[in-house]
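Novice: Numbers in the numbering used here are just positions in the sequence shown, counted from 1, shifted up by 11. From the three backbone atoms N, C-alpha and C, an ideal C-beta is built for every residue, glycine too. Quick one: structure below, then a few questions.
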Amino acid sequence: MKWIYSLLAFAAVSTISAAPLEDKIVKRASVSDVATVGYATLNGGALTSAVAGDSPKIVIISVGYLSHPRSALNGIGLRVLSVSNVIIRNIKISKVLASAGDAIGVQSASQVWLDHLDLSSDRDHDKVCVYRLLLYDGLLDITHGCTGVTVTNSKLYTHWKASLVGHSDNNGAEDVAITVTFANNWWFDLNSRTPFGHGHIFNNVFDDNNDGINTRDGAQLLVENNVWTGTDKPLYATDEGFAVSRGNDFGPDGADTAPVGNFNTAPYSYSLLPTANVRASVTASAGQTLTF
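Right, dumping it as structure tokens:
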């Protein structure tokens with residue numbers, strides 16, 4: 012099961028529980044911040060369990076990766092492999108070669124919050140191949156049965172394959188468990204893969220991309236209050252993918268052609284921006300805009 016937004020591709024997703032998003036833009040952040048929306052807010056409680064009881068304990072907490080406002084990785088990506096409770100915020104990554112993998116790759120992981128990312132490469136090498144492979148791979152791939160992943164306030168742009176959610180057409184048994192939320196992100200100047208899976212996609216902006224959200228292989232998507240310009244296939248299906256679409260602005264030439272699915276209600280609380288306000292809010296705050 013997959014979905015791709017050809018900028019985003021989705022192939023199998025699950026559930027979430029979270030606090031409402033604020034409509035205002037807040038750029039000041041703290042190292043103690045936690046995810047407040049989406050699947051990443053579910054299934055917590057590890058710290059509570061660790062300190063339960065009366066006996067003395069030492070608890071080692073691994074938080075994640077927080078970056079300086081002007082820090083950047085060029086040609087170097089990040090991997091989140093077979094771990095839980097990870098936060099990556101406020102980082103810029105560009106031009107990671109396919110031989111090194113994706114800009115950010117999340118595999119077999121759970122409870123992951125990716126926030127205020129700036130991910131890109133270039134469009135000068137869209138079809139340039141090295142050893143029959145594209146020069147660049149994905150910007151943000153979430154694969155191998157990841158659960159509880161939330162991607163918020165991020166900017167993905169100027170790239171060929173943006174975000175794959177799910178693994179391969181033959182990997183449904185593993186990827187059917189995938190649960191991902193994409194909220195308040197800006198996707199522009201992309202060719203394909205914009206998501207796979209069972210996912211919730213809301214309050215995103217998609218500008219001048221060659222392709223849209225491709226729900227595939229039994230994926231179930233809930234797509235709400237997003238805004239598109241510059242594509243005639245903003246939301247569509249191949250290989251029996253499904254979507255519930257509400258409150259979206261597909262632009263003057265776009266339309267939703269995906270079969271209606273059964274993912275009608277997200278398993279967490281959240282607050283939708285009015286569709287007319289999405290562009291101004293998202294484009295002003297997405298990317299590496301935090302200070303700590």
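(1) From ARG134 to LEU150, what distance separates their C-alpha atoms?
(2) Name the residue from ARG90, LEU125, ASP129 whose alpha carbon lies nearest to the alpha carbon of ALA111.
(3) Suppose contacts are defined by Cβ-Cβ distances below 7 angstroms. Is LEU201 in contact with ASN215 by that definition?
(4) Should LEU92 go down as buried or exposed, given a rule of 16 or more other Cβ atoms within 10 Å for buried?
(5) Mind reading off the beta-carbon distance from GLY252 to GLY229? Whole number of angstroms is fine, and I expect it under 8 angstroms.
(6) Tell me, which residues are paired with LYS172 by DSSP?
(7) Are ASN96 and GLN118 closer than 7 angstroms when you measure CB to CB?
(8) Who are the near neighbours of LYS103 in its chain, counting only those whose CB is closer than 6 angstroms to its CB and skipping five residues on each side?
(9) Can you look up TYR279 in the DSSP assignment and give me helix, strand or coil?
(10) Which ranges does the beta strand (DSSP E) cover as unbroken runs of at least 3 residues, wholly within the stretch 103-138, from first to last along the chain?
(11) What first and last residue would you give for the beta strand (DSSP E) that runs through ALA295?
(12) Taking C-beta to C-beta, are ASP113 and GLY88 nearer than 7 angstroms?
(13) DSSP three-state label for THR47, please.
(14) Among VAL45, VAL162, VAL191, whose alpha-carbon lies nearest the alpha-carbon of HIS155?
(15) Helix, strand or coil for GLY249 per DSSP?
(16) Just tell me which of VAL234, VAL94, PRO263, ALA173 has its CA closest to the CA of TRP198.
(17) I'd like to know if the stretch 40-55 and the stretch 272-283 are in contact, where contact means that at least 3 CB-CB pairs between them fall below 8 angstroms.
(18) Alpha carbon to alpha carbon, what distance is there between THR240 and VAL45?
(19) Assign THR52 to one of three DSSP states: helix, strand, or coil.
(20) Distance, Cα to Cα, ILE153 vs PRO263?
(21) Which one or two residues does DSSP pair with PHE303 in a beta bridge?
(22) Tell me which residue opens and which closes the beta strand (DSSP E) that THR158 is part of.
(23) Between HIS127 and the ligand MG, is the CB less than 6 angstroms from at least one heavy atom?
(24) Kindly give me the distance between the Cβ atoms of LEU246 and VAL255, rounded to whole angstroms, as I take these residues to be in contact under 8 angstroms.
(25) Looking at the strands, I want to know which residues DSSP matches up with VAL238.
(26) On a Cα-Cα basis, can you pick out the residue from ALA188, VAL162, THR242 that is closest to PHE213?
(27) Does the separation of the CB atoms of THR226 and ALA269 fall below 7 angstroms?
(28) Go ahead and pull the three-state DSSP assignment for VAL94.
Specialist: In terms of the structure at hand:
(1) On the sequence shown, position 123 is the one that residue 134 refers to. On the sequence shown, position 139 is the one that residue 150 refers to. Their Cα atoms are separated by approximately 13 angstroms.
(2) Within the sequence shown, numbered from 1, the residue matching residue 111 stands at position 100. Nearest in C-alpha terms to ALA111, of all of ARG90, LEU125, ASP129, is ARG90.
(3) Here residue 201 refers to the residue found at position 190 of the sequence shown. Here residue 215 refers to the residue found at position 204 of the sequence shown. Taking the C-beta atoms as reference points, ASN215 is found no nearer than 7 angstroms to LEU201.
(4) Along the sequence shown, one-based indexing puts residue 92 at 81. Counting the other Cβ atoms within 10 Å of the Cβ of LEU92 gives fewer than 16, which makes it exposed.
(5) On the sequence shown, residue 252 is found 241 positions in, with the first residue counted as 1. On the sequence shown, residue 229 is found 218 positions in, with the first residue counted as 1. Between GLY229 and GLY252 the Cβ distance is about 7 angstroms, and since that is below 8 angstroms, they are a contact.
(6) By 1-based counting over the sequence shown, the position of residue 172 is 161. Answer is GLY149, SER203.
(7) Walking along the sequence shown from the start, residue 96 turns up at place 85. Walking along the sequence shown from the start, residue 118 turns up at place 107. In this structure, GLN118 does not lie closer than 7 angstroms to ASN96 by Cβ.
(8) Here residue 103 refers to the residue found at position 92 of the sequence shown. For LYS103, where only same-chain residues beyond five positions count, the Cβ hits under 6 angstroms are ALA83, ASP129, GLN299.
(9) Here the question's residue 279 lines up with position 268 in the sequence shown. Note: TYR279 maps to coil in three-state DSSP.
(10) DSSP runs (the beta strand (DSSP E)) wholly in the stretch 103-138: 103-105, 115-118, 121-126, 129-131.
(11) Taking the sequence shown and counting its residues from 1, the one referred to as residue 295 is at position 284. Unbroken run through ALA295 is the alpha helix (DSSP H), 286-296; no beta strand (DSSP E).
(12) Counted from its first residue, the sequence shown places residue 113 at position 102. Counted from its first residue, the sequence shown places residue 88 at position 77. For the 7 angstroms CB-CB criterion, ASP113 and GLY88 form a contact.
(13) Counting from 1 along the sequence shown, the entry for residue 47 is found at position 36. The answer is coil: DSSP assigns THR47 none of H, G, I, E or B.
(14) Here residue 155 corresponds to residue number 144 of the sequence shown, with the count starting at 1. Of the listed residues, the one whose Cα sits closest to HIS155 is VAL191.
(15) On the sequence shown, position 238 is the one that residue 249 refers to. Going by the sequence as given, residue 249 is Thr instead of Gly. If DSSP states are grouped into helix, strand and coil, THR249 belongs with the strands.
(16) Numbered from its first residue, the sequence shown carries residue 198 at position 187. Of VAL234, VAL94, PRO263, ALA173, the residue nearest in Cα terms is ALA173.
(17) Under the three-pair Cβ rule at 8 angstroms, the stretch 40-55 counts as touching the stretch 272-283.
(18) Position 34 of the sequence shown, counting from 1, holds the residue named residue 45. Position 229 of the sequence shown, counting from 1, holds the residue named residue 240. The straight-line gap from Cα to Cα measures roughly 32 angstroms.
(19) Taking the first residue of the sequence shown as 1, we reach residue 52 at position 41. Reduced to three states, the DSSP call for THR52 is helix.
(20) Within the sequence shown, the letter at position 142 stands for residue 153. Within the sequence shown, the letter at position 252 stands for residue 263. Spanning the two alpha carbons is a distance of roughly 31 angstroms.
(21) On the sequence shown, position 292 is the one that residue 303 refers to. Paired residue(s): none; PHE303 is not in a bridge.
(22) The residue you call residue 158 lines up with position 147 of the sequence shown. Residues 158-163.
(23) Although the ligand MG was asked about, the structure shown includes no ligands whatsoever.
(24) Within the sequence shown, residue 246 is the residue found at index 235, counting from 1. Within the sequence shown, residue 255 is the residue found at index 244, counting from 1. Rounded, the Cβ-Cβ distance is 10 angstroms, inconsistent with contact.
(25) For the purposes of this step, residue 238 is identified with residue 227 of the sequence shown, where counting begins at 1. Listed as beta-bridge partners of VAL238 by DSSP are VAL216, ASP260.
(26) Working through the sequence shown from its first residue, we reach residue 213 at position 202. That would be VAL162, whose Cα lies nearest to the Cα of PHE213.
(27) For the purposes of this step, residue 226 is taken as residue 215 along the sequence shown, with counting starting at 1. For the purposes of this step, residue 269 is taken as residue 258 along the sequence shown, with counting starting at 1. Yes, the pair counts as a contact, with Cβ atoms nearer than the cut-off.
(28) Taking the first residue of the sequence shown as position 1, residue 94 is located at position 83. Note: VAL94 maps to coil in three-state DSSP.
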